[in-house]
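Residue numbers (the working numbering), protein chains in the order written: chain Y, 318 to 721; chain H, 22 to 208.
Glycine included, C-beta positions come from ideal geometry on N, C-alpha and C.
Values in this document were obtained by computation on a predicted structure and should not be read as measured data.
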Amino acid sequence: METKKFMGFLPVNAISIKDLFAFEKSFVNLLAIAVTVVFLVMFVVGVGNYLLHGHHVFNVTREHPWGLLIATYVFFVVSSTGLCIVGSLGDVFKFEALNYQLFSKRAIFGSIVTILAGFAVIAFEIGHPVRMMIYNVVSPGLTSAIWWMGTLYGLYLTFMIIEFIFLLRHEMRRAQVFGFIGLAVGLAAHSNLGSVFGFLNARPISNGVYYPTYFILTAFITGIFIAFIMMGFRYKLDFPPEIKKMLTGLAKIQGFLLGAFLFFAGWKMLTDVYGGMPGRADVAVHIFHSWTFWAEIVLAILIPGLVILLGQAKSHVLMFYASLIGMVGVFFMRYNLVHDTQLKPLQMMKTTRYQLPPQWVEYVPSTTEILISLGGLGLAFVMYYIGTRLFDLDESVTEEAPER
Amino acid sequence: MARYGMALDYKNCINCKACEVACKEENGVLLGADKHRIWVGANAPSGEWPHLDIVSSTFMPSQCQHCEDAPCEEVCPTHATYYDENHVVRVNSDKCILCSYCMNACPYDARYVDDRTVTVDKCTFCSDTRLARGETTTACQNTCPTKVRTFGDLDDPESEISILLKTRDHFSLKSHLGTHPKLYYLT
Ligand code: SF4
Ligand code: SF4
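Structure (structure tokens):
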């Protein structure tokens, strides 16, 4: 009785654990399952290692206190904001011509899943997450960008969940209202995440308006990449016409955004290098010589950009693969953001005999950091998969579309 | 209530590191810990032998600058970092969540993670130890053989440090960042 009542309130599919394993045993599905299981095992091992040995199993140091886990957290929350933006196109802004509604529910669910995965990862980088929840409330540091970012993301998650419930219940008007508030709070939270870096006056390479704004732009780009990936899996790359139309629309927007981002990244680099500011110019030159910078540019901008350009936004299947590559590039983008901020040592004198003065701060993620980060990806996959089973994530327009 | 600061006659420093040892002993810094609380940096002489630039070779004792506009305090999400009644920048380890934001924000790399409390710590001007016992000097000042360090109340015009700062030229580190450090390097 109780379950019935709940299902009346929140339309979920009645499934059992057994149903979760009842999927078509195709090669791609099995591969996806295998990858997810491996990632989940990695998460457990990584977290276990952390619980046993504490922060010592991370390669973070005094000079480089933020490592891969922060980058992964940023990666997930950017994905979440991106999905929220893309989802809002249909659900909040009603861009009917392009039928984004076909994707809204899935996008909003994806945004919830990705931010939860992000929270799961950062819980192990923050030394005292429980203390954080207490003192964030009883002793708020209102001048701290981290405080605003964390608080706003908490609110954002709440609004996203409310919006998703209304979407499931087909209460479109309310979903729209909460979607709008959620989007506004999400954008605020996300640009605040940029300001966590942008406010640092100790780090000229990151200081300024660049990160708070580029975060919104790159979130939109990330959201569209994930839209392609989700739809690719949903329709097994055999897209029905209305989905094709939607994807073409998204690809065009993506082309524009990637162009804009190339300008952003290009001018940031040029002003950094030729602006000649000490602590910024030298760092920028150093970044220019790092392979991770080029991984970001090539994988996240050039390859997807070329695929869109050459396919005139119509090569949907190729765009699916380009989006997978793009997401790898986006990961490097996050890693670079975190690492590059900390490249320059703040204390450059020699403090120990027989040693050279510090030049650049080195950082290579430790095994445990890698395990937990990939584990976060596994968590996102599992939550998303369960969601696709539990909820009806497609709008009614697509009901005649082939089932997975 | 005082406004504590420190003047460093850094050209007198002989890099004996007695201050580092005294600080460890007084404040219970872990043995073997590198650059915890205070350290002495060395600028190697520049130039090629025999044209060495002797004046470029200096020793710079350093530590938390107890900034008056401290970036570390500004970025702390839980107010774990705060100004105490003597304008000393302190960390309340009960409130520190180890987000490490302050370590990233401090322009002087003055902060480290204490492995015992698993929170961030740094120089406190001996507030928990010597000052709490009613003494008026810090351990590093007390031990320095060449009297590099002068600690005292900047608000008291008669204090030794106030007189020094009025009579000797001085500079502070990275002053362009607007952090207003309360460590003054005498020239
Ligand atoms: S030197 Fe660093 S730790 Fe000390 S008060 Fe200034 S910003 Fe804070
Ligand atoms: S690490 Fe601790 S003291 Fe530093 S900003 Fe975070 S909560 Fe504040």
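At least one heavy atom of ligand 2 is found less than 8 Å from the C-beta of C120 (chain H). Between T208 (chain H) and K45 (chain H), the C-beta gap is not smaller than 9 Å, which leaves the two residues out of contact.
Distance from the C-beta of T138 (chain H) to the nearest heavy atom of ligand 2 is not below 8 Å. For K661 (chain Y), the number of other beta carbons within 10 angstroms of its own is at least 16, and it is reported as buried.
Of the candidates Y:H373, Y:G371, Y:M359, Y:L386, the residue whose Cα lies closest to the Cα of N653 (chain Y) is Y:L386. At least one heavy atom of ligand 2 sits closer than 8 Å to the Cβ of A101 (chain H). Rounded to the nearest whole angstrom, the C-alpha separation of H603 (chain Y) and C120 (chain H) is 27 Å. Taken through DSSP and simplified to helix, strand or coil, N518 (chain Y) comes out as coil.
In the three-state DSSP reduction, S83 (chain H) falls in the strand class (E or B).
Contact between A568 (chain Y) and I625 (chain Y) holds, with the beta-carbon distance rounding to 5 Å and staying under 8 Å. Residues of the same chain with a CB within less than 6 Å of the CB of G511 (chain Y), apart from the 5 flanking positions on each side, are Y528, P529, F532 in chain order. Here D711 (chain Y) is near K422 (chain Y), since their CB atoms are less than 9 Å apart. Between F436 (chain Y) and G692 (chain Y), the gap from beta carbon to beta carbon reaches 9 Å or more. DSSP places M27 (chain H) within a strand segment (E or B) once states are collapsed to three. Two segments are said to touch when three or more pairs of C-beta atoms, one from each, lie closer than 8 Å; by this definition the region 54-66 of chain H touches the region 76-90 of chain H. In this structure, the alpha-carbon of V377 (chain Y) lies about 16 Å from that of A126 (chain H).
The distance from the Cβ of A23 (chain H) to that of D174 (chain H) is about 4 Å, consistent with a contact at the 8 Å cut-off. For Y452 (chain Y), the C-beta contacts it makes with chain H under 7 Å involve T99, K116, I118, in order along the chain.
Of all residues in the region 400-433 of chain Y, none places a beta-carbon less than 9 Å from a beta-carbon of chain H.
Here the residues close to ligand 1, judged by CB distance below 6 Å to any of its heavy atoms, are H:C85, H:Q86, H:H87, H:C88, H:A91, H:P92, H:C93, H:V110, H:C127, H:Y129, H:A131, H:R132, H:K143, H:T200 in chain order. In this structure, the CA atom of A43 (chain H) is about 7 Å from the CA atom of T164 (chain H).
Contact between the region 535-555 of chain Y and the region 102-119 of chain H is absent, with fewer than three C-beta pairs closer than 8 Å. Around the beta carbon of M665 (chain Y), a 10 Å sphere encloses fewer than 16 other beta carbons of the protein chains shown; the residue is thus reported as exposed.
Annotation: the continuous alpha helix (DSSP H) that includes V354 (chain Y) extends over 344-370. Each residue's CA atom was taken as its position, placing G363 (chain Y) and L696 (chain Y) some 13 Å apart.
For P92 (chain H), the C-beta contacts it makes with chain Y under 8 Å involve L517, N518, A519, in order along the chain. Taking 9 Å as the cut-off between beta carbons, the residues of the region 352-375 of chain Y near chain H are G371, H372, H373, in sequence order. For A39 (chain H), same chain residues with a beta-carbon under 7 Å away, outside a window of 5 residues either side, are T164, C165, P166 in chain order.
Within chain Y, not a single residue places a beta-carbon under 8 Å from that of Y25 (chain H); the smallest gap is close to 22 Å. A distance criterion of 8 Å places the beta-carbon of P98 (chain H) in contact range of ligand 2, judged by its closest non-hydrogen atom. With its beta carbon less than 9 Å from one in chain H, H445 (chain Y) belongs to the interface. Looking at the DSSP output, I538 (chain Y) sits in no beta bridge, so it has no partner there.
The beta-carbon distance between C144 (chain H) and A160 (chain H), rounded to whole angstroms, is 10 Å. This is too long to meet the 8 Å contact definition.
Taken through DSSP and simplified to helix, strand or coil, L207 (chain H) comes out as strand. For K667 (chain Y), the CB contacts under 6 Å within the same chain, skipping 5 residues up- and downstream, are P674 in chain order.
CA-CA distance, G444 (chain Y) to P682 (chain Y), rounds to 17 Å.
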